[in-house]
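Step one of this worksheet: look at the structure below.
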Amino acid sequence: MIFNQFAFLFIFLPVVLTLFFLPGLRSWRAQTLIAASLVFYGLSGIEHALVLCADVVWVYFIVTRPAFQSSRPLLFAAILPPVLALGYYKYLGFLLDSVLDLSDPGMREQFSLFIDILLPAGISFFTFQVVSFAIDRYRGEVTDMPSFSHFAAYISLFPQLVAGPILRYRDVAVALRHLGHYRMSGHHGARAVGYICLGLAVKVLIADTLGYHLADYRNAPGNLSQEAALYTIFAYSFQIYFDFYGYSMIAIGLGALFGFSYPHNFKRPYDALNPRDFWRRWHITLSYWIRDYLYIPLGGNRAYARNIFIVMALCGLWHGAGWSFVVWGLYHAGLVAGYHYGNSFWDRLPAILQRSLTFTLVSLGWLLFLYDFNGLEQFLLSLGGLAETVQTSPTFEMWIGVLFAVLVAFGVRLEPLAENNQTVKWKIVVLNVLFSVLFVTVLLFLDRSETFIYFRF
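Sequence positions in the sequence shown follow our numbering and run 32 to 488.
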């Protein structure tokens, strides 16, 4: 189940909200959310829900041992099984493909049990959360051990279960403790609706429209005109941004319905002045996770270049099991390190040039998400005008779609609209009309909406 489905919006969510706010179930709200999350997740595969449950039970069992905070072996015991599960489901096929000739049908059939594994949606996200909790508990940063139901709710909350934001326990600890006393105010409801409507709008009306037009170009990278190749670069850059940004806004809105205040995952990343600034604005909770649990433990700035390349290679591998993702991570490591050592020159450039260069370099990097190495080679030939046969160039309407994405990405601040803090009556009416129109428009296009890109991570 995904957020941009009629079944979620008109069946699942209303039922969960009704059960959550039933007076007789007030003391069972954490359990209600856990059950709802398992149903939400289990619809993608019962075995996937079992993986999630196993991670939750195992980590909680280990971190509640009396000697846990003084025992490094117990810390490793807590985090090793979830990490191994992530490795099995996400990376075993990639590793086998890297060392064996799986193009041979006989060899592929022999190892089919290990390479034809259906990846549980969002396994990278909830694995990072159980790992961070165990480490924070070991470090003494989680002083008040939550009950099992609160811990299970923290890990499994369906609004952010499959694509983030990556939560720390402190992000939801207070809300979980007061869950039984939460009453939705008018402001809470208006804020939640604002984020959900705007998130659905940028996902369905911008990201999915761009993806719809990109479908043919994605499948034939060697048959593009130069104009089509340029269109692909920028259209995909905005598609992946608005797809993930839209999901994050919906997650914030859904969390607000149940009393949670999720951290923002994006701060206008395409406004970044340099590659380092980009990573302060893009997928912020992932950047903080990498900083706190990988970069600093490796030594941080004491071995800057080495550590940047290590953590960014791992960041790329986290995004996908393939060498193109590793290269994407190394590419960004090169950009960040290049800025670190050349900032005295870069920072003297006009701000508009800094932003343009950063946006272009980031957009080129997304091609490693769109194509494998063979496809990327064909695409670069098309970009250089060397395509043997050329498909139809993008239409004027397709470029208008990109222009609209540019205007929203650089010219509109969606969060203040979503916060819905207006006190002037006519402004409240205008916002309510806007959200209503957007929601109805989204429903008209929902049948062609695609799953979220980051679900596969």
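No residue lacks a Cβ here, since even glycine has one placed at the ideal position from N, Cα and C.
Please read all numbers here as calculations on a predicted model, not as lab measurements.
* CB contact flag (HIS244, MET429, <8 Å) -> It is a contact, given that the beta carbons lie within the stated cut-off.
* What does a CB cutoff of less than 7 Å around GLY26 pick up in its chain, not counting 5 residues either side in sequence? -> The question about residue 26 has no answer, for the chain in this structure spans 32 to 488.
* Exposed or buried, which one is GLN409 when buried takes at least 16 other CB atoms within 10 Å? -> Taking all protein chains in view, the Cβ of GLN409 is crowded by 16 or more other Cβ atoms within 10 Å, so the residue is classified as buried.
* **Sequence-distant residues of its chain with Cβ nearer than 6 Å to ALA221 (five each side left out)** => These residues qualify, in order along the chain: ASN451.
* Asked: DSSP on GLY277, reduced to helix/strand/coil?
  -> Residue state, collapsed to three classes: helix.
* Take GLN257 and list the residues in its own chain whose beta-carbon comes closer than 6 Å to its own, dropping the five residues that flank it on each side. => GLY416
* For LEU448, which of ALA440, LEU465, LEU434, TRP457 has the nearest alpha-carbon? -> LEU465
* **C-beta atoms of GLY253 and ALA109 nearer than 8 Å** => The answer is no: Cβ separation not under 8 Å.
* Based on Cα-Cα distance, which residue from GLY124, SER58, PHE107, THR158 lies nearest to VAL82? -> THR158
* Asked: Taking the C-alpha atoms as reference points, what is the distance between LEU106 and TYR119?
  -> 20 Å
* To do: Give a yes or no on contact between the segment 281 to 299 and the segment 209 to 220, applying the rule of three or more CB pairs nearer than 8 Å.
  => yes
* Where TRP310 falls: helix, strand or coil (DSSP) -> In the three-state reduction of the DSSP assignment, TRP310 falls in the helix class.
* Could you tell me if TRP359 is buried or exposed, where buried requires 16 or more neighbouring beta carbons within 10 angstroms of its beta carbon? => buried
* At what residues does the alpha helix (DSSP H) containing HIS363 begin and finish? -> 354 to 377
* Asked: CA-CA distance, THR420 and LEU255?
  -> 8 Å
* To do: Work out the CA separation of VAL433 and PHE404 for me, nearest whole Å.
  => Their Cα atoms are separated by approximately 26 Å.
* **Three-state secondary structure assigned by DSSP to ASP330** => Residue 330 is actually Gly in this sequence, not Asp. DSSP places GLY330 in coil when its eight states are reduced to three.
* The alpha helix (DSSP H) enclosing GLN409, as first and last residue numbers -> Element bounds for GLN409: 404 to 414.
* Does DSSP put ILE264 in a helix, a strand or coil? -> helix
* **Which listed residue (TYR262, ILE431, GLN422, LEU361) has its alpha carbon closest to that of THR391** => TYR262
* Buried or exposed: GLY195, going by 16 or more other Cβ atoms within 10 Å of its Cβ? -> buried
* To do: Output yes or no for whether 8 Å exceeds the beta carbon distance between VAL235 and VAL439.
  => Their beta carbons are not under 8 Å apart, which means VAL235 does not touch VAL439 by this criterion.
* **Cut-off 8 Å between Cβ atoms - residues of its own chain near PHE125, not counting five sequence neighbours on either side** => ALA352, GLY353
* Which listed residue (VAL224, ASN305, VAL342) has its alpha carbon closest to that of TYR370 -> ASN305
* Using the C-alpha atoms, what's the distance from SER101 back to TYR301? -> TYR301 and SER101 have their C-alpha atoms spaced approximately 44 Å apart.
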